[in-house]
Amino acid sequence: MLTDRKKDAHIVFRVDASLEIGTGHVVRCMVLARKLRSCGVDCHFVCKNLPGNIADSIIDNGFTCRLIEPVSDVFSEIDELADLPPHAAWLHGSQGQDAYSFLEAIKDRYPDWIIVDHYGLDYRWEMLVRSSCGNIMVIDDLADRKHDCNILLDQNFFSESEERYSGLVPSESRLMVGPRFALLTESFEASHSRLLPYAERFEKGHIVVFFGGVDLINQTTVACRTLLKNFMHPYKVDVIVGRKNPHIHEIEATIGNAEHIDLHVQVRNMEHFLERAFLYVGAIGTTTWERCACHLPGLVCSVAGNQKKVAVAVRDYGSHIYLGHYTDMSPEIFERELVHLLPDFNRLRTLSERSSELVDAQGCSRVAKQLLGLI
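Per the working numbering, residue 10 is the first one in the sequence shown, and the count goes up by one each step.
The following block contains the structure:
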């Protein structure tokens, strides 16, 4: 258990959520922020004011959140040093302007750490803010751009692991890579002692459907229609969506008065649903590591291009069945896989066992310990 406390320590997160980006980056940063707060650290957020931002959720969790405005018509010299990051458009402005707005937002404090979780930011932004903080940690998944950071965290599973960042971070940077550093809440640590044997979970018949906090492409409705058409009895289905999901009314209409399917909006206890289920149906992302911590097999698709390699690597490890990218996943493919998978206890149990080997739910404590050790 992490017991070190750091009074008067300050950490600032630079992270965005939007209809385009989704909510996962902010959610995982809040998980880490809650862990750090429990150790006496004062945590703050700076986010861009984009459609679909979840600043209200950050505030509801007891953190301050400063919103900075997008400035799409400003282009700074710092952005001309090299090619822009592949996801530069997600920033809705230049890195130079973003850094200026960020520094203005934190001018009344000198953070011990700046933690940046944004695909549109790279070493150029980090160079501009470095003199205004003690250290910089980058949370990344892509390994597609250079960083100027003290620590880089990538919680994803790849066969090449640390080699992905060769030449992309300073040689003295500390790398924390792999699912053993997955940012999961303490509730997932506690869930280990509550997990029923997989055979009992299989008999109870609970299925979780979750395609992310936003699910802009509305795969949730596709999954619900398939389940309602073919697979309701004897299964019990929990459909989970974020409150920023633009398709909630359509999902509600699809479910209707179905007796064995329940819709849950903006849950704060995801572990409750995952630990009792025998199958997860949905998108990959942070939830991949949450379901693995609950020894839960997955029937999944990728909903962003940067998720494909992770999806394939986890499939090859034997933790889930990957249906492909959402653009290739027709209702017919989904239905066919479910027909074969749902009654196949032996296959599901093997997927469960492999999932349990990937994640031990101690990752957030490991990351916090590294951060606190350098303050």
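Using N, Cα and C, we set each Cβ at its ideal position, and we do this for glycine too.
Next item on the list: Grab me the residues of lysine 317's own chain with a C-beta within less than 8 Å of its C-beta, minus the 5 sequence neighbours each way, in chain order.
Entry: Ser311, His334
Next item on the list: Return the first residue and the last residue of the alpha helix (DSSP H) that phenylalanine 22 is part of.
Entry: In the DSSP annotation of this structure, phenylalanine 22 is not part of any alpha helix (DSSP H); the continuous beta strand (DSSP E) holding it starts and ends at 19-24.
Note to self: Could you check whether the stretch 335-354 touches the stretch 161-181, counting it as contact only if at least three pairs of C-beta atoms, one from each stretch, sit closer than 8 Å?
What the structure shows: Too few Cβ pairs lie closer than 8 Å, so no.
Next item on the list: Kindly list the residues whose CB is nearer than 6 Å to the CB of isoleucine 148, restricted to its own chain and excluding five residues on each side of it in sequence; keep chain order.
Entry: Asp126, Leu162.
Next item on the list: Could you pull the start and end residues of the beta strand (DSSP E) that phenylalanine 219 belongs to?
Entry: That run of the beta strand (DSSP E) goes 215-219.
Checklist line | Cβ-based burial, histidine 304 [other Cβ within 10 Å; buried from 16] | finding: So histidine 304 counts as buried.
Item checked: Secondary structure of threonine 229, DSSP reduced to three states -> helix
Margin query: I need the DSSP call for aspartate 149, collapsed to helix, strand or coil.
Written below: coil
Next item on the list: Can you give me the start and stop residues for the beta strand (DSSP E) that methionine 185 sits inside?
Entry: DSSP places methionine 185 in the uninterrupted beta strand (DSSP E) bounded by 183-186.
Next item on the list: Using the DSSP secondary-structure output, state which residues sit across from leucine 28 in a beta bridge.
Entry: None, per the DSSP bridge assignment.
Check: Under the three-state reduction of DSSP, which class applies to arginine 356: helix, strand or coil?
Finding: helix
Next item on the list: May I ask you to report which of helix, strand or coil DSSP gives alanine 292?
Entry: strand
Next item on the list: Just mark threonine 73 as buried or exposed, buried being the case when its beta carbon has 16 or more other beta carbons within 10 Å.
Entry: exposed
Note to self: In whole angstroms, give me the CA-to-CA distance for tryptophan 298 and valine 274.
What the structure shows: 21 Å
Next item on the list: Consult DSSP for lysine 57 and reduce its assignment to one of helix, strand or coil.
Entry: strand
Check: What's the gap between the Cα of proline 94 and the Cα of glycine 105?
Finding: 13 Å
Item checked: Whole-angstrom distance between arginine 358 and isoleucine 216, CA atom to CA atom -> 15 Å
Margin query: Going by beta-carbon coordinates alone, are valine 250 and leucine 236 separated by less than 8 Å?
Written below: For valine 250 and leucine 236, no; Cβs fall outside 8 Å.
Next item on the list: Report all residues from its chain with a CB closer than 7 Å to the CB of isoleucine 20; omit the five preceding and five following residues, and keep chain order.
Entry: Leu45, Val50, Cys52, Pro120, Asp121, Trp122, Ile124
Margin query: So for arginine 189, helix, strand or coil by DSSP?
Written below: helix
Margin query: Quick check: serine 364 and arginine 285, are their CB atoms within less than 8 Å of each other?
Written below: no
Next item on the list: Quickly, what does DSSP pair aspartate 157 with across the bridge? List them, please.
Entry: None; aspartate 157 has no bridge partner.
Next item on the list: Starting from the N-terminal side, write out each stretch of the beta strand (DSSP E) that is 3 residues or longer and does not extend beyond the stretch 249-285.
Entry: Annotation note: the stretch 249-285 contains the following uninterrupted beta strand (DSSP E) runs of length 3 or greater, listed N- to C-terminal: 270-274.
Notebook entry, point to check: DSSP three-state call for cysteine 301: helix, strand or coil?
Noted result: helix
Notebook entry, point to check: Tell me which same chain residues have a C-beta within less than 6 Å of the C-beta of lysine 213, skipping the five on either side of it?
Noted result: Nothing listed; no residue qualifies.
Notebook entry, point to check: If you check the beta carbons only, do phenylalanine 166 and leucine 367 fall under 8 Å apart?
Noted result: Yes, these two residues count as a Cβ contact at 8 Å.
Check: To which residues of the same chain is proline 243 closer than 7 Å at the C-beta, ignoring the five residues directly before and after it?
Finding: Gly214
Margin query: Quick check on this structure: which residue in Arg43, Cys56, Val55 has the alpha carbon closest to the alpha carbon of glycine 71?
Written below: Arg43
Next item on the list: Would you kindly work out how many angstroms separate the C-alpha atoms of valine 309 and glycine 291, rounded to a whole number?
Entry: 5 Å
Check: For arginine 118, which three-state DSSP category applies?
Finding: coil
Item checked: DSSP three-state assignment for threonine 73, whether helix, strand or coil -> In the three-state scheme derived from DSSP, where H, G and I count as helix and E and B as strand, threonine 73 is classed as strand.
Next item on the list: Return helix, strand or coil for serine 328, following the three-state DSSP convention.
Entry: coil
Next item on the list: Check glutamine 371 in the structure and name its three-state DSSP category.
Entry: Look at glutamine 371 here: in three-state DSSP terms it is coil, with no helix or strand label.
Check: Is it the case that the Cβ atoms of valine 40 and valine 24 are separated by a distance below 8 Å?
Finding: No; because the gap between Cβ atoms is not below 8 Å, this pair is not in contact.
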